[in-house]
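Residue numbers (our numbering): 46 to 205.
This report concerns only the one structure given below.
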């Protein structure tokens with residue numbers, strides 16, 4: 046939706062680096078949320094970073110090792126810097142960050158993924174009724190009747 050297009054903040058600077066070797070400049074999203082409780086960002090879509098004393102100089106031209114990302118915000122560690130660049134000391138410049146955020150409204154926040162279950166009907170079954178074979182008439186013929194006669198052998202008479 047158009048109302049979910051990211052909106053750019055003003056320049057934000059919530060941390061100032063000290064010269065301590067273990068310090069640096071950290072304009073991270075966690076620090077911004079802690080320093081500006083009213084800041085709400087559903088999703089960081091883009092960032093822009095600059096050195097506050099050199100607003101018109103691209104970070105790549107400052108001679109410092111700096112991370113400016115949508116994952117973390119801006120991170121500059123003093124221990125990563127070398128002598129040279131725009132300043133004669135190996136410390137981070139003070140940076141600012143601008144963030145393009147998706148508005149923190151329900152229609153813009155991706156909710157938990159919803160699983161849609163689609164029930165697929167089984168393939169249609171066609172039942173074909175096969176008619177019985179044409180009727181057959183079976184006639185049972187009894188076996189022929191046979192008559193058996195027993196003839197007695199002729200009786201013979203013998204005279205003496």
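Note that beta-carbon positions come from the ideal geometry of N, C-alpha and C, so glycine has one too.
In the DSSP output, which residue or residues are listed as bridge partners for residue i?
i	result
residue 120	71, 112
residue 132	129
Could you please give the first and the last residue of the uninterrupted beta strand (DSSP E) stretch that includes residue i?
i	result
residue 142	140-147
residue 88	88-96
Determine the closest residue to residue i out of the options, with distance taken between C-alpha atoms.
i	options	result
residue 63	123, 83, 106, 143	123
residue 65	126, 131, 145	126
residue 79	134, 57, 140	57
residue 142	108, 61, 106, 132	61
residue 75	69, 152, 85	85
residue 51	118, 133, 90, 117	90
residue 132	107, 118, 116	107
residue 116	105, 109, 73	73
Output the distance between the C-alpha atoms of residue i and residue j, rounded to the nearest integer angstrom.
i	j	result
residue 121	residue 149	28 Å
residue 145	residue 136	28 Å
residue 99	residue 140	9 Å
residue 138	residue 83	27 Å
residue 171	residue 151	In this predicted model, residue 171 has a pLDDT of only 43, less than 50, meaning its place in the structure is not dependable; the value taken from the coordinates is given anyway. Approximately 50 Å, taken between the alpha carbons.
residue 130	residue 48	42 Å
residue 70	residue 119	8 Å
residue 134	residue 110	13 Å
residue 105	residue 128	16 Å
residue 94	residue 113	6 Å
residue 101	residue 77	23 Å
residue 92	residue 54	10 Å
Do residue i and residue j have their C-beta atoms closer together than 9 Å?
i	j	result
residue 154	residue 87	yes
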